[in-house]
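For the sequence shown, position 186 (counting from the first letter as 1) is numbered 180 according to our numbering, and the numbering increases by one without interruption. Beta carbons are placed, not taken as given, at the ideal position from N, Cα and C, and that holds for glycine.
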Amino acid sequence: MSNPLDGGAGSRVFCAFTEGFGHGRDKMLMGCIADDFTGATDLAGLLARSGAKVNLRIGVPEAAPSEVADFEVIALKCRTEPVADAVAQTRAALAWLARAGAERFFWKYCSTFDSTAEGNIGPVSEALMADLGVSQTIYCPAFPENGRSIFMGNLFVGEQPLAESPMKDHPLTPMRDSNLMRLLEPQVRGAVGLANRLVVEKGAAALKARLAALAADGVAHVVVDAVSDRDLDVIAEACLEMKLMTGGSAVAMPLPRLLGAGGTVAGGAFSAPEGGAIVLSGSCSAMTRAQVAAYLHQAAGFRLDPLELAEHGVGPARDWLAKQDPMAAKIMYATAEPAAVKAVQAKLGVGKAGQIVEDALAELAVLARELGTRRFVVAGGETSGAVTKALRVETLRVGPEVAPGVPWSFTRSAGHDIALTLKSGNFGAETFFDDALGMLT
């Protein structure tokens, strides 16, 4: 088997990708693909901490870039799409990044490994590996700063195993096993192995040797333990020459330093657009439920009931929003307890229940913009994707972090400057919504 740190025989496929458009910068350091929009902003924010230049692009661009940043991040909405669609989208993103000059790539998914037995994490990884002609990659969704750690291949959320955490009740990807090897094996054709914490603790050289030994045994997919930021430094150094790394955002955080990027810390100076603010929440995670409850103590709120939306449409919600003071604190949310979510899904179906909420929040975001809102806080990966697309956002400039992995970002929508923060469900403190908007006042 070829060395996992080079392109092997398949490098001819990769070379074919690079015959395309030119770019303004001499060389992009890494091209990144994220499976949802909050994950993309999470990754972009952590990469930008070092001062590295980061472009966050919404969807695969149609045209060649006039210039590229140190790190280009393409945000997709494919986490829960059918496997074939997710593979097609990510392969298109890979091809665009390669033509733009990327030679290293990062496939970013959630730090709680959100997926089903069918995918999409494993199938996408194998498709990208095939296109790049590489025989091995790693999987490391750890994010110690946010309480995600991996030990002996088992993923923990705080002190709880993944399968005992609130993620066990996720409406789209309920996580009922904590062992990443067992979760990954049904999704891939290649062999799955482990580089455990005892190896990582010995340093980058020991981890590289372990990866090489696994490659010699035909192991293509390697879960790597990490319980601290130091572990992430070791993993990033050991895997620096891999053409493809996969994981949560945190394992990519050391890469700007290792690749020689960086400078002024991101978010040192930024200009917030003038205008009203709104919180739009579709996430039903435990933390988002607490955040919504906390914000309702100080903001006007409108709860979106999927059953009411199915029967009466979004008209009542539009009427409520139109009557609100654009400058006053307000939140529109479909956030609910797990039992309530299951009851709605039983009546409408899982897919329809989620789509109704996404469509409603997307329509309300556009109306809010028309009414003068310029600052948007959005909770939930699927919701963030729907809202961002509805606002026709193409590229985001990454600003300061509100919480680890959740930055403000700035862009234009329908001729207006707007600010967006896209929050993954379980990220942030209970006061996140107030904290985020407080940064811009």
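Bridge partner(s) assigned by DSSP for residue i
{"i": "W90", "result": "Note: W90 sits in no beta bridge, so no partner."}
{"i": "F65", "result": "M24, V48"}
{"i": "S407", "result": "H410"}
{"i": "T425", "result": "DSSP, once it has assigned bridges, lists no residue as partnering T425."}
{"i": "S275", "result": "Y327, A373"}
{"i": "V400", "result": "A397"}
{"i": "P155", "result": "F150"}
{"i": "T367", "result": "G270"}
8 angstroms contact criterion, which residue i and residue j should meet: CB distance rounded
{"i": "L37", "j": "C26", "result": "6 angstroms"}
{"i": "S403", "j": "G393", "result": "6 angstroms"}
{"i": "V67", "j": "A28", "result": "6 angstroms"}
{"i": "Q181", "j": "P117", "result": "6 angstroms"}
{"i": "A356", "j": "K383", "result": "7 angstroms"}
{"i": "T32", "j": "L358", "result": "About 18 angstroms; that fails the 8 angstroms criterion."}
{"i": "S277", "j": "G374", "result": "3 angstroms"}
{"i": "V217", "j": "Y103", "result": "At roughly 13 angstroms, the Cβ-Cβ gap does not stay under 8 angstroms, so V217 and Y103 are not in contact."}
{"i": "S109", "j": "L177", "result": "7 angstroms"}
{"i": "Q83", "j": "L91", "result": "Not confirmed; about 13 angstroms, so no contact."}
{"i": "A246", "j": "E424", "result": "27 angstroms between Cβ atoms; not a contact."}
{"i": "V48", "j": "F65", "result": "5 angstroms"}
Reduced DSSP category for residue i - H, G, I as helix; E, B as strand; rest coil
{"i": "C104", "result": "coil"}
{"i": "N140", "result": "helix"}
{"i": "P168", "result": "coil"}
{"i": "T35", "result": "helix"}
{"i": "S109", "result": "coil"}
{"i": "T84", "result": "helix"}
{"i": "M326", "result": "strand"}
{"i": "K417", "result": "strand"}
{"i": "G374", "result": "coil"}
{"i": "V465", "result": "Residue 465 lies beyond the range of the chain shown here (-5 to 435); nothing can be said about it."}
{"i": "M236", "result": "coil"}
{"i": "P267", "result": "coil"}
{"i": "L205", "result": "helix"}
{"i": "A3", "result": "With a pLDDT of 35 at A3, under the threshold of 50, the modelled position of that residue is not reliable, and the figure given next carries that caveat. Helix at A3."}
{"i": "G197", "result": "coil"}
{"i": "G242", "result": "coil"}
{"i": "T382", "result": "helix"}
{"i": "G18", "result": "Low confidence applies to G18: its pLDDT is 42, below 50, so where it sits in the model is not reliable, and the reading given next is rough at best. In the structure shown, G18 sits in coil (DSSP, three-state: anything other than H, G, I, E or B)."}
Where the alpha helix (DSSP H) through residue i begins and ends
{"i": "S119", "result": "115 to 126"}
{"i": "V186", "result": "Careful: V186 lies outside any alpha helix (DSSP H), inside the beta strand (DSSP E) at 185 to 189."}
{"i": "V228", "result": "223 to 232"}
{"i": "V360", "result": "344 to 364"}
{"i": "T282", "result": "280 to 289"}
{"i": "L252", "result": "249 to 252"}
{"i": "L301", "result": "300 to 306"}
{"i": "L149", "result": "Taken as a continuous stretch (DSSP letters only), L149 belongs to no alpha helix (DSSP H), being part of the beta strand (DSSP E) at 148 to 151."}
{"i": "L177", "result": "174 to 178"}
{"i": "K317", "result": "309 to 317"}
Status (buried if at least 16 other CB within 10 Å, exposed otherwise) for residue i
{"i": "V128", "result": "buried"}
{"i": "M24", "result": "buried"}
{"i": "A207", "result": "exposed"}
{"i": "P76", "result": "exposed"}
{"i": "S265", "result": "exposed"}
{"i": "S105", "result": "buried"}
{"i": "D219", "result": "buried"}
{"i": "K341", "result": "exposed"}
{"i": "A210", "result": "exposed"}
{"i": "K503", "result": "Outside the displayed range of the chain (-5 to 435) lies residue 503, so it cannot be described from this structure."}
{"i": "A260", "result": "Any answer about A260 is weak, because its pLDDT of 49 lies below 50 and its placement is not dependable; what the coordinates show is given next. So A260 ends up on the buried side."}
{"i": "K466", "result": "Residue 466 cannot be examined here, being either before or after the span of the chain that is shown, -5 to 435."}
{"i": "S60", "result": "exposed"}
{"i": "H215", "result": "buried"}
{"i": "R170", "result": "exposed"}
{"i": "A57", "result": "exposed"}
{"i": "R386", "result": "exposed"}
{"i": "E352", "result": "buried"}
{"i": "P250", "result": "buried"}
{"i": "E112", "result": "exposed"}
{"i": "E364", "result": "exposed"}
{"i": "P135", "result": "buried"}
{"i": "H164", "result": "buried"}
{"i": "K324", "result": "buried"}
Unbroken beta strand (DSSP E) run spanning residue i, endpoints
{"i": "T389", "result": "389 to 397"}
{"i": "G295", "result": "294 to 297"}
{"i": "C134", "result": "131 to 134"}
Chain C contact for residue i (CB, 8 angstroms cutoff)
{"i": "G242", "result": "Structure shown: chain C not included; a single protein chain is present."}
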